[in-house]
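For reference, the structure discussed in these notes is given below.
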Amino acid sequence: MSERARRLLAVVPLVLVALASSAFVLVSDRSPSRLELERAWAHPSAAYPLGSGEAGVDLLALVSHATARALLLAGIVALIGLLVGTPLGALAGLVRGRAERITARACDLVQAFPSFLLALAVLAAVRTPSRVHIGAVFCLTAWAPFARLALVQARVLADAQFVDAARAIGASRARVVLRHVLPNLFGPVAVQLGASAAGVVLGETALGFVGLGPRDGVSLGALLEQGVVSMLRAPHVLAVGAVAVVLVSASLQLASEGLRAAFAHR
Amino acid sequence: MSARLRASAWGRAAARVASRGAEALLVAWLLASLVFLAMRLLPGDPAALVLGEQAGEVERALFRQKLGLDRPLFLQYLSFGRGLLTLDLGDSLRRPGVPAFEVVAEALGPTAALAGLGVGLGAVIGIGGAVLSVGPWLGARRAWVHRGAIALAALPLVAVAPLATWGLAVRLRLVPLPGDPDAGLWGLLFASSLLALPLGAVLARIGRAALLDLGRAQFLDVAAAKGARPARIYWLHALPVASAPIAAVVATQLGALLGGAVVLERLFERPGLGTVMLEAYAARDLPVLEAAVVASGLLFVLAQTSATAIVAFVDPRGGEA
Chain P
1 MSERARRLLA VVPLVLVALA SSAFVLVSDR SPSRLELERA WAHPSAAYPL
51 GSGEAGVDLL ALVSHATARA LLLAGIVALI GLLVGTPLGA LAGLVRGRAE
101 RITARACDLV QAFPSFLLAL AVLAAVRTPS RVHIGAVFCL TAWAPFARLA
151 LVQARVLADA QFVDAARAIG ASRARVVLRH VLPNLFGPVA VQLGASAAGV
201 VLGETALGFV GLGPRDGVSL GALLEQGVVS MLRAPHVLAV GAVAVVLVSA
251 SLQLASEGLR AAFAHR
Chain C
1001 MSARLRASAW GRAAARVASR GAEALLVAWL LASLVFLAMR LLPGDPAALV
1051 LGEQAGEVER ALFRQKLGLD RPLFLQYLSF GRGLLTLDLG DSLRRPGVPA
1101 FEVVAEALGP TAALAGLGVG LGAVIGIGGA VLSVGPWLGA RRAWVHRGAI
1151 ALAALPLVAV APLATWGLAV RLRLVPLPGD PDAGLWGLLF ASSLLALPLG
1201 AVLARIGRAA LLDLGRAQFL DVAAAKGARP ARIYWLHALP VASAPIAAVV
1251 ATQLGALLGG AVVLERLFER PGLGTVMLEA YAARDLPVLE AAVVASGLLF
1301 VLAQTSATAI VAFVDPRGGE A
């Protein structure tokens, strides 16, 4: 097995988590919206392998649905960040000068800015926060790391010989950017997808934990919150929630590191 | 370095801090405008949000008049700006008669204690870890310090903090339970050490890289040749130079720190800025929410600017920190 193939094995945990949760959502008829009050906070049993939570919600169904939705949201936000940030950063890196400095500073600021404050400012205007609103909040900042990476990469590419060659044979500026710079940018920039997605999962979890999550309560953060409330009588809820959050974020980070190692240094 | 060269380097550092200060004000103004616009332009009538959908039209109109929401947008924006400058955004809706900024000011102390102690502990953990993972004391085991820091940095606070609380408070009874009104200093110390762990882990990683970089610097060889022991070399010679990248890292972690503080305040039911914001959000206490978001945004940019200032004066060579 080649070195690169071995590094790519790092995406296996993520694929397993994504497949398992989405298969459960599609195939099983267990639903996180079905409540059996008499089973509230019940411990794990054969019929309910992860036990039940608040108001008798089936934790297996809750954690599968929440994981699948978190991964979907994180994937969409990270992709939007990639599609918006890459051209922006590439442009700034090619234009240089003041535009480059301003873009770089804006990226630094946005990356360091507390997303919680942005979320409060935006969510304050809606009665019931939904996943779309929460996704929109993360999109406000998702472009920055991609733009930062694309900027650095574009500076390198702008001086590359094959780009010089394209210019020398008379290719227009737009053609140079679209045909020669952008395609060579995507690889190094795309390895940021995993890290960004992990950030969105954790951000969404934190928002759900403090009560700014979707109102249906199907989120990893709401699950953790249930776990904290019932810490004394039903610690299994907290265990399920914490393990799920660690599993999802760790598998995303692992996949991202693997992709980086396999593709970043060519 | 000649006196004139030194002066110009310091002048550049001061100029950089000044430009970051101006930038901080710009960011605070942008955030305030975002808050202002979100409340007024996004779909959803604040009056309906506060009073409930079943409130009568007259009640709603009176409410809008009270908050000035019936006036033209740019007049509202002007008085919002004046309110920010004079620290007067009106009274809290939930606690009538109490100015919104007073509610926020009361909450600043506990959050500052939590975050300040968290940064302090994080710096101790991180710098200690960095020096241990580079210095000769642990031998081959120092690689484990580095691996531990990587693992710790990857663990999400929002999952680990409740687990640690369950283990230490519920099972072992070592720390106060969440919501304990008598948690006192011990509870504050526990909460801020949870906040400090991820920061310390990141600092240990960056600090290690900075120290390894410095390991090839000549002045350390000179110190070693003069017979200085490793501890003296690292603490007295290397660390002051490595402190610029370390302060720069703290600056990038401040946003995460604020988010972490909000999560921990919720977890331990502690009073503070996060609790005020969440309560104001739940009760639609718009003046308090505006004041709290703007105040914490301002605090964030101020903290970031001071971190930049530290970096600029520790390492006045300039360049993008």
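Taken in sequence, the protein lines are chains P and C.
With the working numbering, the residue at position 141 of the first sequence is 141, and numbering never jumps.
With the working numbering, the residue at position 321 of the second sequence is 1321, and numbering never jumps.
We put the beta carbon where it would ideally sit given N, CA and C, even for glycine.
Just so you know, these numbers come straight off a predicted model, no measurement behind them.
**Prompt:** Quick one: is Phe1074/C buried, meaning 16 or more other Cβ sit within 10 Å of its Cβ, or exposed?
**Reply:** exposed
**Prompt:** What's the C-alpha gap between Arg148/P and Val95/P?
**Reply:** Between the C-alpha atoms of Arg148/P and Val95/P there is a straight-line separation of about 14 Å.
**Message:** If contacts are defined as beta-carbon pairs under 8 Å, then Ala70/P and Ser256/P qualify, I think. What distance do you get, rounded to the angstrom?
**Reply:** Ala70/P to Ser256/P, Cβ: 16 Å. No contact.
**Prompt:** Could one say the Cβ of Tyr1038/C lies closer than 8 Å to chain P's Cβ atoms, at least one of them?
**Reply:** The sequence given here has Ala at residue 1038/C, not Tyr. Cβ-Cβ to chain P under 8 Å: yes for Ala1038/C.
**Request:** For Val237/P, count neighbouring C-beta atoms within 10 Å of its own C-beta (all shown protein chains included) and say buried if the count is 16 or more, exposed if not.
**Result:** By the neighbour-count criterion, in which 16 or more other beta carbons inside 10 Å mark a residue as buried, Val237/P falls on the buried side.
**Asked** Can you tell which of Ser1019/C, Gly1011/C and Gly1097/C has its C-alpha closest to the C-alpha of Pro1287/C?
**Response** Gly1097/C
**Prompt:** Along chain C, which residues have their Cβ under 8 Å away from the Cβ of Ala121/P?
**Reply:** Leu1031, Leu1034, Val1035, Ala1038 and Val1293
**Asked** If you follow the alpha helix (DSSP H) that Pro87/P is part of, which residue opens it and which one closes it?
**Response** Leu59 to Val95
**Request:** Under 8 Å by Cβ, that's how I've got Gly1187/C and Ile1125/C pegged, so tell me the actual separation to the nearest angstrom.
**Result:** Incorrect: roughly 19 Å between the Cβ atoms, too far for contact.
**Request:** Kindly list, in the order they appear in chain C, the residues whose Cβ is closer than 8 Å to that of Leu14/P.
**Result:** Against chain C, the beta carbon of Leu14/P has no neighbour under 8 Å; the closest one sits roughly 14 Å away.
**Asked** Contact between the segment 63-79 of chain P and the segment 1248-1263 of chain C: three or more CB pairs below 8 Å?
**Response** no
**Asked** Should Glu54/P be labelled buried (16 or more other beta-carbon atoms within 10 Å of its own) or exposed?
**Response** buried
**Prompt:** Taking Cβ-Cβ distances shorter than 7 Å, what residues in chain B pair up with Leu1254/C?
**Reply:** No chain B is present in this structure, whose protein chains are P and C.
**Request:** Figure out for me which residue from Arg1205/C, Leu1239/C, Pro1198/C and Val1202/C has the closest Cα to the Cα of Gly998/C.
**Result:** No answer is possible for residue 998/C: the residues shown for chain C start at 1001 and end at 1321.
**Item:** Short CB-CB distance (under 8 Å) between Ala1018/C and chain P
**Value:** With 8 Å as the cut-off, Ala1018/C does not count as an interface residue toward chain P.
**Asked** Are the CB atoms of Trp41/P and Leu88/P nearer to each other than 8 Å?
**Response** no
**Asked** Does DSSP put Ser52/P in a helix, in a strand, or in coil?
**Response** strand
**Request:** Tell me whether the beta-carbon of Tyr1281/C lies closer than 8 Å to the beta-carbon of Leu120/P.
**Result:** yes
**Message:** Taking the beta carbon of Gln1253/C as the centre, do at least 16 other beta carbons fall within 10 Å, making it buried, or is it exposed?
**Reply:** buried
**Asked** Is there a Cβ from chain C that is less than 8 Å from the Cβ of Pro235/P?
**Response** yes
**Gln1218/C burial status per 10 Å Cβ neighbour count (16 or more: buried)** = Exposed, since its Cβ has fewer than 16 Cβ neighbours within 10 Å.
**Prompt:** When you compare only the Cα positions, how much space is there between Ala1009/C and Gly1255/C?
**Reply:** 30 Å
**Item:** Secondary structure of Pro1110/C, DSSP reduced to three states
**Value:** Here Pro1110/C sits in helix by DSSP.
**Request:** Express the C-alpha separation of Ala1292/C and Ala1191/C in angstroms, rounding to a whole number.
**Result:** Between the C-alpha atoms of Ala1191/C and Ala1292/C there is a straight-line separation of about 22 Å.
**Cutoff 8 Å: Leu1289/C Cβ touching any chain P Cβ** = Interface residue, yes.
**Request:** Would you decide whether Ala1022/C is buried or exposed? Buried here means 16 or more other CB atoms lie within 10 Å of its CB.
**Result:** Counting Cβ neighbours within 10 Å, Ala1022/C comes out exposed, since fewer than 16 surround it.
**Prompt:** Helix or strand or just coil, what does DSSP make of Pro188/P?
**Reply:** helix
**Request:** Name, please, each residue of chain P whose Cβ falls closer than 7 Å to the Cβ of Ala1281/C.
**Result:** The question names Ala, but residue 1281/C in the sequence shown is Tyr. In chain order: Leu120 and Ala124.
**Asked** Among residues of its own chain, excluding the 5 on either side of Glu1320/C, which ones have a beta-carbon nearer than 7 Å to its beta-carbon?
**Response** With a pLDDT of 44 at Glu1320/C, under the threshold of 50, the modelled position of that residue is not reliable, and the figure given next carries that caveat. Closer than 7 Å at the Cβ level, and outside the excluded window around Glu1320/C, lies no residue.
**Message:** Is there a Cβ of chain P sitting closer than 8 Å to that of Ala1251/C, yes or no?
**Reply:** yes
**Item:** Test item: CB-CB of Val1311/C and Ala1028/C under 8 Å
**Value:** no
**Prompt:** Using a C-beta to C-beta distance shorter than 8 Å, which residues of chain P count as neighbours of Ala1115/C?
**Reply:** Correct list: empty, because the minimum Cβ distance to chain P is about 11 Å.
**Request:** Would you kindly work out how many angstroms separate the C-alpha atoms of Leu1025/C and Ala234/P, rounded to a whole number?
**Result:** 48 Å
**Asked** Closer than 8 Å, CB to CB, is Gly1259/C near chain P or not?
**Response** yes
**Message:** With H, G and I counted as helix, E and B as strand and the rest as coil, what does DSSP make of Asp1091/C?
**Reply:** The answer is strand: DSSP assigns Asp1091/C an E or B state.
**Item:** Residues bridged to Leu35/P [DSSP beta-bridge criterion]
**Value:** Val57/P
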